[in-house]
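In my numbering, the protein residues as written are -11 to 1101.
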């Protein structure tokens, strides 16, 4: 335990910890804080800030003091509070508890106002140990443990107990680690799992835990009704069997009726008086302890004075003892031998010598043996091994003489028989609920004085105690009670006495009454806790359809949750069989415990920084062993119930994943995802992917409008159709400006892009950068997007529409620069043109074709992209056609055969066609179009002004010298005209000058004073006088032959493509590279325009310099 020493800072006016920060007292009342007191408030986002930072303190002495000691931090105190303010909030923090206690003070609104909050004062004994004992001990111990021992034998019963209790012990160790790793508020196990494994697992397992708790209330009610109808008041039965065949159905109907009545009464009690349920908990626990003590007392007493419970046996068969008075065939009345009631049951009326009797009854003797031989009898050996029975099989005792003979079915009701078929797996499922209840301590963490100490100690001690009780009870039952009595589930052989009650001392009624009240109390407790668990899940708002159950009465009572709990519990009541309900809740509890162990193991293996539990005696291997045991027990007890429970949890998980609210709880699954991603990225870093694994990992460069919305959303639509949810997609954009000033715009843009990605079903990431120039921002994105091996290999960007008409050349300059950057980075490039005409995700092409014009080899991109597009439902019904171009010296027939073979080896179905392009003279149209293109370029080049000349020409008036002429002295240079000329000249001059983009980016002042020297004025006149000569030069210009050849190729290819693919749904085309000389950039744009004229949808594709498709498997 670390030691801290607080040393006050010396000051003439103040000293001490509280006065140092201006906090003299803490008021928990309803009144506001004093004026001279610093308080801590919240900004609504979880960030605590102070209402009165020290700079605004009215006390000047305090202000001087703060200036000397905290002046370095004075500007951040609104977002970074002082340590004293933080600690004062932590000290006054109180947990929100689960269960009935948090509502006791709310029963009366007036009383709650008068009472002040009490500090937690419960220790380990009262807060954890005894509540866990009360929840663990239950109906199975009193009603089914003796039967389990009789059917499974002592050895297998010990194995069942050890398996179940080991599972809960390992779970308790994991739970202790989680519970001591911070504060556990309302929700108990649900809170631990959800905050450790995330909202999806937490909601799924939380609901399973809720269902298990709800069915537990049904099980306890059924147990109470069974005690009531079988042992307390058998006469209260409403339905009676006409013969022995209807006994079971009549009993089930009675259970349903009385169970429904009991459930309704309990629901009313919980709704009206929760505090009484909590106060009676001690009484119910006392009943449990007294009953267990009476069992041990009876076992000790049986050594010398075993209780008298004789069993009547016919041969080796056990008879139902309450059907007759004397265990004999005949009785002596006076000196006359007469038939007994037992004789009358098996024989027809008549003379005893010639009466018609059951064959088995006549050939076997009636004997009477002791039902409770006692510890010293040696019966232990006989009960060591099990005797599993089938439904309807008569209980028989080995070692008694018996003559096998046919017995009529009408006398079957006289024998004690098995009501269900038994097996080891069934007994595990029935016993496991008696090991549950270990979460009671964590659910009461708010009432504990030291929860992180009490929860582990109390829970582990409670499990150890109950395990010892179960183990010793198994041994005592096997050593004291006759085997046929142990296998008699309802005590028919001992005059309808509770079997465990026959061993108790001083009277069987101690066990009967004690078990009845303890079972009723356990039912009330579970019926109280289950609605609050559902309310905690609904309050977290992770499952939308459960929101209504988060509301309740004004005092917080979960009314709607209680109603749903009663309805679900009624389903368990209608099952009406304790043996069938127990495996159901075993499934849900086992699943809950499984995920508690998983949560501890994940947190331990991930070594997250926040994983610092105070409980040290845990290890991830123990958690995995506990998780494995839970999974094994689920399938051992009932494999079909296990599948159903896992299916329910899986459906809830997927529902929360797709429809639930997104929560960030710092869960372990997120950390597990990070670790898995790190491992995968490191594996990918080993080398580039093989050609077989290559797929386009897209970087989509999107343009934003003035409102920060994506200008061309169909670009994302096409990306989603191409990816079909596979691989990496990064949507990138650039905001022009300064990062410090534009950070808010960056966040807004990212959110807008993410929303659009959700709408267009693009699964990927968003990356927005702020740069002084858009061109630089795009280069940053191309270089830095992605991580390790998960980097983009393909860039997709839009076409610069209207580049001819735009006065701003930056759009197409940025476009060409991006093409050059992708080529330099060896990245593939896709440019969808006319993207607004591309189909949405809701459209379907019922016919049509995707045409591929394979002009030059690009690594196979043109082959792969149509195949990927056809995986999407929009393009699925389109056929694929591949065109290639043959020159005069090529064998077009052989080319077609080779291409068909190549596609066959690629496993791609497509139509193949070879287009022959004959050599032809350059047409006049081609020559004229090239001439117009170059004339336009030359005209703009002549109009361009260098950046240096502009700076000398445009100077502020404040820098003029004595030789300068002011524009006011020369009226033919009006100021307005000069401003207009300056704007136009700067625009025209920067069409080809990259250096003058800075001038375009910087805003111009509203009023510009122009200062002209005499020399510059003369130069301007000469330029204007030479304008006609420049125009004549343009008219006499002859086009460059290389440009004429390029234009000829573009025109001829366009004619062929439009002729063959004018009706295609999509045309894929090789994109030629930009010229090495930047002076021809505008000509390059013109060539691309001519190449794609007349086509509705065109995808220009440029390979990245590597093979992306292979013929090999």
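For every residue, glycine included, the Cβ atom is placed at its ideal position computed from N, Cα and C.
Can you tell me whether DSSP reads residue i as helix, strand or coil?
i: residue 207; result: helix
i: residue 642; result: helix
i: residue 989; result: In this prediction, residue 989 has a pLDDT of 46, which is less than 50 and means its spatial position is unreliable; what the coordinates show is noted afterwards. The answer is helix: DSSP assigns residue 989 an H, G or I state.
i: residue 403; result: strand
i: residue 829; result: coil
i: residue 749; result: coil
i: residue 837; result: strand
i: residue 368; result: coil
i: residue 288; result: helix
i: residue 475; result: coil
i: residue 896; result: coil
i: residue 769; result: helix
i: residue 525; result: helix
i: residue 869; result: strand
i: residue 345; result: strand
i: residue 724; result: strand
i: residue 688; result: strand
i: residue 622; result: helix
i: residue 483; result: coil
i: residue 129; result: helix
Closest by CA to residue i, which one among the options?
i: residue 262; options: 522, 704, 516, 762; result: 516
i: residue 873; options: 882, 867, 866, 580; result: 882
i: residue 271; options: 708, 229, 504, 244; result: 504
i: residue 335; options: 395, 464, 378; result: 395
i: residue 828; options: 699, 706, 514, 379; result: 706
i: residue 472; options: 636, 351, 298; result: 298
i: residue 1098; options: 1082, 850, 1037; result: 850
i: residue 1085; options: 818, 1075, 893, 1036; result: 818
Would you kindly work out how many angstroms separate the C-alpha atoms of residue i and residue j, rounded to a whole number?
i: residue 775; j: residue 686; result: 13 Å
i: residue 625; j: residue 587; result: 24 Å
i: residue 481; j: residue 307; result: 6 Å
i: residue 485; j: residue 457; result: 22 Å
i: residue 1103; j: residue 857; result: For the chain, the structure presents residues -11 to 1101; residue 1103 sits outside this window and is missing.
i: residue 71; j: residue 110; result: 30 Å
i: residue 493; j: residue 282; result: 5 Å
i: residue 748; j: residue 597; result: 37 Å
i: residue 633; j: residue 112; result: 34 Å
i: residue 228; j: residue 476; result: 21 Å
i: residue 1064; j: residue 185; result: 56 Å
i: residue 519; j: residue 265; result: 14 Å
i: residue 502; j: residue 450; result: 20 Å
i: residue 465; j: residue 603; result: 37 Å
i: residue 714; j: residue 612; result: 33 Å
i: residue 277; j: residue 370; result: 30 Å
i: residue 537; j: residue 665; result: 38 Å
i: residue 839; j: residue 900; result: 10 Å
Throw me the rounded Cβ distance for the residue i and residue j pair, which I believe falls under 8 Å.
i: residue 617; j: residue 154; result: 7 Å
i: residue 561; j: residue 210; result: 7 Å
i: residue 462; j: residue 137; result: 5 Å
i: residue 1096; j: residue 852; result: 6 Å
i: residue 1120; j: residue 540; result: Nothing about residue 1120 can be read from this structure; the chain reaches only from -11 to 1101.
i: residue 1079; j: residue 1038; result: 5 Å
In terms of DSSP beta bridges, what is residue i paired with?
i: residue 1090; result: 817
i: residue 754; result: 719
i: residue 324; result: 321
i: residue 300; result: 356
i: residue 1055; result: 839, 1086
i: residue 335; result: 345
i: residue 775; result: 778
Is any non-hydrogen atom of the ligand SAH found closer than 7 Å to the C-beta of residue i, if you look at the structure I gave you?
i: residue 501; result: Although the ligand SAH was asked about, the structure shown includes no ligands whatsoever.
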